[in-house]
Every structure is written in C-alpha cells, then in structure tokens.
Amino acid sequence: MADITLFQFLGETVTNATGAFVEPAASNLMYGLQMLALTGVTLYMVLMGYAIGTGSVEAPFASFMKQCVKIIIVAAFALSADGYNNHVVAALNGLETGLSDLLNANSASPSASIYQTLDTMLDKGFELSALCLQRASDAGWDFGATLSWWGAALLICLGTLVFALIGGVNIIIAKFSLAIMFALGPLFILCLMFPITAKFFDGWFGQVLNYIFSVVILALIMSFGVVAFDHFVSGVNLNVDASGGQNPFMVAAQVLGLTVALGWIAMQAKGMASGLAGGVALQAMSLRQIVAPAASVMRPIARQLNPLAQSTRLDPRTGHQTSGARAEHFLMGRTPWNPAYRNAVKERIAEGWKKPEGGEMKKG
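Going by UniProt numbering, the first residue of the sequence shown is number 1, and it counts up by one from there.
Here you go:
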C-alpha cells in the first residue's frame, strides 16, 4: 500500500497559501496606515506644543523626547516591511518552532515534520485495518469470523481517523489563524504609538501567543500520542491460529479507546494555551508600561484640554484666589489672555517682593 500523505498535503497547502497571503496583505496594510500614522503623530505634536506653550506639562522636554523615540521605534516595526517580516514575524515564528523542538527533543518526530508524523500514524492504522479486511476475505463463508474482522477493521480505522483529525485539523487551524494575526499585525503594533490605543496591541499579542502555544502543545500531545499508538500497535498479533494470537474485536476496541482518550487530551490544548497566553499577556502589559511611559505625558495634556477641569486662579477684581472650572475662569476673565488678569498678577508679584515698610532698629 502506498504511503499516506493526507496531512502533509494539507499542511503544505496551508503553509504555501498563508506564506503567499501574509506578506502582501501586511505590505498593503502598512501602505494604507502611513497617512493615518502621520495624522496621529501630527496631532500629538500639536497638542504637545500647546501643552508646553501653556506650561501645563512638567518636565516636558524629557517626556517629549521619550515619546519621539518610542514613535520612531514603533514606526520602524509597524510601517517597514523588512522590520516587520524580519523581526516581528520571524521572532514569533522562531518562538513557535523553538519551543516545539525543545519540548520534542526526545521524540523521533520534530515539530517541522508533525504532518509527516500524523501520516505515519494513519499509515500504520490503515495497514492494521487492511490486514483485518484481508482476514475477513480469507474467512470465506464463515459469516461470524467475517463480521468480526469487518467490525475490527472499522473500529481501528475510525479510532485512528478520530485522533489524527482532532490533532491535525486543530494544528492547521491554529497555524492559519496565526497567519491572519500576522497579516493584521502592523495595525495593532501601530497602536503602541499612543497610550489610549495600546490596549489593542495587548489583545493582539495575547491572541498571537494563544495560537503559538496551541501549536506547541498540540505538537507535543500528538508526538506523545503517536509514540503510544505505535507502541500499542507493534504489540498486536492478529494471527488467531498461532499461539499468543489476540481477538481482533478486542484489539480494535482497545485501539478505539486509546485513540479517543488521546483525542480528548488533544482537545484540552486550547484551554491550556489560553491560560498560558493570558498570563504572558499580562506580563507584556507591565513591560509595555515600563518601556513606554507615555501615559504620564498624555494625562496632563488631557487635563489641560478639559474645559471642566477644576483649578484655582487669581480674581483680578477682588485680588483673591478663586476655584472653578477652566471654562468659568475663561468667561470671568481669569485667564492670561485678559490684560486685567496679567496686570493683577504683576501687582501681586510686586507686592510680594517689595521691601517691608517701617523704620530701622539701631543701637542706642
């Protein structure tokens, strides 16, 4: 019987299709985001200039320089095809293959040939089923033996397909979904430029890690399952006429039970990957906040632009400090734009710094 290449064909097809899809899609997205990024950065510069001009930002130069460096770094990854494909995509793909190779170091099947491993398992299961069908044909008119061999072949084939399809299809779906996340990556990396949109990057990064861990865990489970399946099948003796021969129906039932149990374990990979990705995503948020402290810059800007923000200013008519909203201060003339307010402030400064009145004390 010819070797089975079902999963190798599916895996190579999906890999080639996603490889031809990710880079053009990401490049087109980068081109479309350039004007959006330019507009956002321009608005940020204008608002920062206004905040610096009004003196509402403490230590503005250092914060402004940090934000500029951050914007340059983010733009290099999000708006450059070489920077994105050679650093972001390559690093995340390297994380997936590296973890898979390390976890499967003692396995005969590295992560790069997981599809070949699944096809090998299908090949062995189908060979066992074909042997049962051959024995059913040899049984001739013995209907009891024929039905027993046919039932054994059906159970073995069904069990092998269940386990292989659960693991293989989930791996293909995770890899295809990961490719879609890579195609959308420039948009979410661009969100790191501004603190208010950085949460969208956290969601994208957590989802990417979810799919990466799904592939890694599924590859580990499938490698373990294939080894267990091979060990069990290698000990099967369907020669019922010889000593030590096993009942075909009992062997088939055990194969079905083994593959269903391994398939159930493979179905838990998604939950395990979600838990791991959630924890790593939380850590990534704290690292992002340490590396990019732009929230401390935007907070005073937003407070300065808020017309309802409360503040205390000098009343030019009474000479007392008066609390109120920024809009109220502006309407009542308590603003540097009012000449009377500026004159009142100058008078208070002169009053505070003038020499004290009174005579001098001398020795008698």
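Don't be surprised by glycine CBs; every beta carbon is placed ideally from N, CA and C.
At a cut-off of 4 residues, the continuous stretches assigned as alpha helix (DSSP H) that sit fully inside the stretch 48-97 are 60-78. Nearest to Gly206 by C-alpha distance, out of Asn170, Asp138, Phe232, Leu276, is Leu276. For Phe224, the enclosing alpha helix (DSSP H) covers residues 198-234. For Thr335 and Phe200, the gap between their C-alpha atoms comes out near 39 Å. A direct Cα-Cα distance of roughly 8 Å separates Ala164 from Gly263. Pairing Ala152 with Ala253, the inter-Cα distance amounts to about 8 Å. The shortest C-alpha to C-alpha distance from Thr146 to any of Leu158, Cys132, Gly159 is the one to Cys132. Between Ser214 and Ala273, the gap from beta carbon to beta carbon is short of 7 Å. Between Ser129 and Ile166 a beta carbon distance of about 18 Å is seen, past the 8 Å cut, so the two are scored as non-contacting.
Non-local beta-carbon contacts of Val260 in its own chain, meaning distances under 8 Å to residues more than five positions away in sequence, involve Gly159, Val162, Phe163 in chain order.
Asp101 sits in a helix when the DSSP states are folded into three classes. In this model, Leu29 and Gly40 are separated by some 16 Å (Cα to Cα). Per DSSP, reduced to three states, the secondary structure at Phe194 is coil, with no helix or strand assignment.
Separation of Leu103 and Phe224 (C-alpha to C-alpha, rounded to the nearest whole angstrom) is 11 Å.
DSSP places Thr117 inside the alpha helix (DSSP H), whose first and last residues are 114-138. Per DSSP, reduced to three states, the secondary structure at Gln268 is coil, with no helix or strand assignment. The C-beta distance from Leu190 to Ala344 rounds to 47 Å, too long to fall under 8 Å, and the pair is not in contact.
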